[in-house]
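These protein sequence lines map, in sequence, to chains H and G. Positions 303 to 589 (the numbering used here) are the ones given, in order, by the first sequence. Positions 3 to 145 (the numbering used here) are the ones given, in order, by the second sequence. No residue lacks a Cβ here, since even glycine has one placed at the ideal position from N, Cα and C.
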Amino acid sequence: MKYKELTVFNYKVAYYAMRIFGLYWLLMQYLDFRRISQWPKEIYEPFLSIQRIIFPQYPSEILYVSILLICALLLIITIFKQNYFLNFLIFLLIAIINFPISLNFSVGHNNHLIIIGFFMAIFLLSKNLNKENDFKWVQYFYLGILSTYSLAGISKFVGVAKNLILNTGKITWIDKNAAKINTLANYWMADIKVPDCILNLYTYENLWVLITGFGIVAQASCFLGAFNRKFLTFIMIFLYIFHWYTDFFILADFKDAKNFVLITLFPYHIFYPLYLKFLNKKAINHH
Amino acid sequence: MQKYTKYLFFISLFLSFVSLYVMGKGGKEIYPFFSWKLFTSPSGNEKLEEQYRLYRINGNDTIRLSYNATELYDQNNLGLITSFYGRKIDNNEDRKDNIRKMKTFIKSYLSEDNNIFLYKESFNPWELGKPSFRIKKIQITKL
């Protein structure tokens, strides 16, 4: 397959994978919801004013589970009957479902990527992607997901430049031990002892300057993955490792964001030859 | 219709920049779009960090209560809730109300909820892990 074809092919598989992932994601939100709903009723501080309108109080189990079930139903329906309006509703419901989980007291961003992914997929029905140029719209889908990482990477460059130009004396990402202090500060705030294996790894000071620099450049260049399949696969692997690092080294757990990256960016086309073989066999058996 | 995906991308990007601008002015993100300005500098990049913490005073002992995850709260929740109400109480925003909420929270988290005090700590994160590391603490109020 050529780039244009395999890009469309990969999205067609991702379309279904996203819906199955979505069902799993709903279950995970339910488990979080169950835990948080045991907090005293007063301990609820919605972050956004719109949230106060939708959920003036922390939602009851009946209300929340109903929303989860409607969303699950829509995900299943769109597996069999692809529809733009239902896609829009899925996006809306996922954004609402995230309120009681990630926007209590402050805002956590681990689910934003998933919401944006479903937003970018509203107009992409796999059954309609048949024209030669349709790969372009899949590229925009990738861009929507990857630009979030690129913005985060670029803002780190801006942060370094700003601190150097203004001579603020703060530690920037290019300083020696920047990654180490980041780890120590986050572990300290969470009251967890830094594991010795992590401290041992940070003794290679110069190596960490290189690793940090590489990480920031890779993060900023994520959006380029939308235009080249091999680079996209590289970025997918990089992002997975990056999320794994932030989870263990700075306790910033992006939970299902890393799985969503795998689901949406995976090079499903590598299995295409196998799929053809399977079809062939079936045809032979039939005769 | 698939061609509209292009506009969705530009809407998403545009609202990210609007979020960046609004958040720069002290506002909040245009949910679910966000500026993605995350970790522009490492945590602990400044010589002085502040944190609200709970202490227990038993006679002459002032004991720093560490965050221990429970069935209800993970470490992240404990930090967020303590600093949220801690800051409000310290800044006298609906002080009475927030002290009451903090007490409700403590009751649901600690089995022994008497003699608990709110402190504001300051420290230099650059000294973390070194023997010279010190915490300065100021008592805010009894809870």
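Where residue i falls, given that 16 or more other Cβ within 10 Å makes a residue buried
i                     : result
residue 414 (chain H) : buried
residue 359 (chain H) : exposed
residue 363 (chain H) : exposed
residue 558 (chain H) : buried
residue 3 (chain G)   : exposed
residue 502 (chain H) : exposed
residue 435 (chain H) : exposed
residue 423 (chain H) : buried
residue 69 (chain G)  : buried
residue 573 (chain H) : exposed
residue 321 (chain H) : buried
residue 490 (chain H) : buried
Sequence-distant residues of its chain with Cβ nearer than 7 Å to residue i (five each side left out)
i                     : result
residue 137 (chain G) : 123 and 125
residue 571 (chain H) : 303, 308, 311 and 312
residue 454 (chain H) : 521
residue 335 (chain H) : 366, 402 and 403
residue 89 (chain G)  : 54
residue 292 (chain H) : With chain H represented from 303 up to 589, any question about residue 292 (chain H) goes unanswered, as that position is not in the structure.
residue 586 (chain H) : none
residue 182 (chain G) : Residue coverage of chain G in this structure runs from 3 to 145, which leaves residue 182 (chain G) outside it and unanswerable.
residue 354 (chain H) : 348
Coil, strand or helix - residue i by DSSP
i                     : result
residue 119 (chain G) : strand
residue 143 (chain G) : strand
residue 125 (chain G) : strand
residue 465 (chain H) : helix
residue 62 (chain G)  : coil
residue 138 (chain G) : strand
residue 56 (chain G)  : strand
residue 575 (chain H) : helix
residue 342 (chain H) : coil
residue 434 (chain H) : helix
residue 400 (chain H) : coil
residue 488 (chain H) : helix
residue 507 (chain H) : helix
residue 406 (chain H) : strand
residue 307 (chain H) : helix
residue 51 (chain G)  : strand
Listed by chain order, chain H residues near residue i by CB distance under 8 Å
i                     : result
residue 119 (chain G) : Near residue 119 (chain G) there are no residues of chain H at all, since even the closest Cβ is about 17 Å away, more than 8 Å.
residue 127 (chain G) : 483, 486, 487 and 490
residue 116 (chain G) : In chain order: nothing, as chain H lies at least about 18 Å away.
residue 68 (chain G)  : 493
residue 26 (chain G)  : Under the 8 Å cutoff, chain H gives no residues; its nearest Cβ is about 12 Å from residue 26 (chain G).
residue 10 (chain G)  : 421, 422, 424, 425, 442 and 446
Listed by chain order, chain H residues near residue i by CB distance under 7 Å
i                     : result
residue 18 (chain G)  : 453
residue 74 (chain G)  : 337, 340 and 341
residue 7 (chain G)   : 422, 425, 426, 439, 442 and 443
residue 139 (chain G) : The contacting residues do not exist; residue 139 (chain G) stays about 15 Å from chain H at best.
residue 124 (chain G) : Correct list: empty, because the minimum Cβ distance to chain H is about 13 Å.
residue 50 (chain G)  : None at all; the shortest Cβ gap to chain H is about 11 Å.
Chain G contact residues for residue i, given Cβ-Cβ distances below 7 Å
i                     : result
residue 465 (chain H) : 43
residue 473 (chain H) : 43, 44 and 47
residue 414 (chain H) : 34 and 36
residue 461 (chain H) : 42 and 43
residue 407 (chain H) : 82, 83 and 86
Under 8 Å from the C-beta of residue i: neighbouring residues of chain G
i                     : result
residue 519 (chain H) : By Cβ distance, chain G contributes nothing, its closest Cβ being about 15 Å from residue 519 (chain H), past 8 Å.
residue 380 (chain H) : Correct list: empty, because the minimum Cβ distance to chain G is about 15 Å.
residue 418 (chain H) : 14, 34 and 35
Beta-carbon proximity list for residue i, same chain, < 8 Å, skipping 5 on both sides
i                     : result
residue 486 (chain H) : 496
residue 92 (chain G)  : 54, 120, 122 and 142
residue 450 (chain H) : 414, 415 and 418
residue 145 (chain G) : 56, 101, 104, 105, 108, 118, 119 and 120
residue 14 (chain G)  : 35
residue 67 (chain G)  : 55, 56, 57, 58, 112 and 118
residue 476 (chain H) : 462, 511, 514 and 515
residue 446 (chain H) : 418, 419, 421 and 422
Per-residue contacts from residue i into chain H (C-beta, under 9 Å)
i                    : result
residue 78 (chain G) : 410, 492, 553 and 555
Same chain, Cβ closer than 6 Å to residue i, neighbours up to 5 away in sequence not counted
i                     : result
residue 384 (chain H) : 427 and 429
residue 441 (chain H) : 528
residue 71 (chain G)  : 77
residue 407 (chain H) : 347
Partners in chain G for residue i, counting only beta-carbon separations shorter than 9 Å
i                     : result
residue 397 (chain H) : 33 and 34
residue 480 (chain H) : 43, 44 and 47
Cβ of residue i within 9 Å of any chain B Cβ
i                     : result
residue 496 (chain H) : Looking at the structure shown, chain B is missing, and the protein chains on hand are H and G.
> Between the region 321-347 of chain H and chain G, which residues of the former have CB atoms less than 7 Å from a CB of the latter, in chain order?
Replying inline: 337, 340, 341, 342, 344, 345 and 347
> If contact means a Cβ-Cβ distance below 7 Å, which residues of the region 565-579 of chain H contact chain G?
Replying inline: none
>> Along the region 424-458 of chain H, where does the CB come closer than 7 Å to a CB of chain G? Name the residues.
In response: For the region 424-458 of chain H, the set of residues with a beta-carbon nearer than 7 Å to any beta-carbon of chain G comprises 424, 425, 426, 430, 431, 436, 439, 442, 443, 445, 446, 449, 450, 453, 454, 457 and 458, in chain order.
>> To be precise: take each residue of the region 350-364 of chain H, compare its Cβ to all Cβ atoms of chain G, and keep it if any distance is under 7 Å. Which residues remain?
In response: 350
> If contact means a Cβ-Cβ distance below 7 Å, which residues of the region 80-106 of chain G contact chain H?
Replying inline: 81, 82, 83, 86, 103 and 106
> Using Cβ-Cβ distances below 8 Å, what residues of the region 367-392 of chain H are close to chain G?
Replying inline: 386
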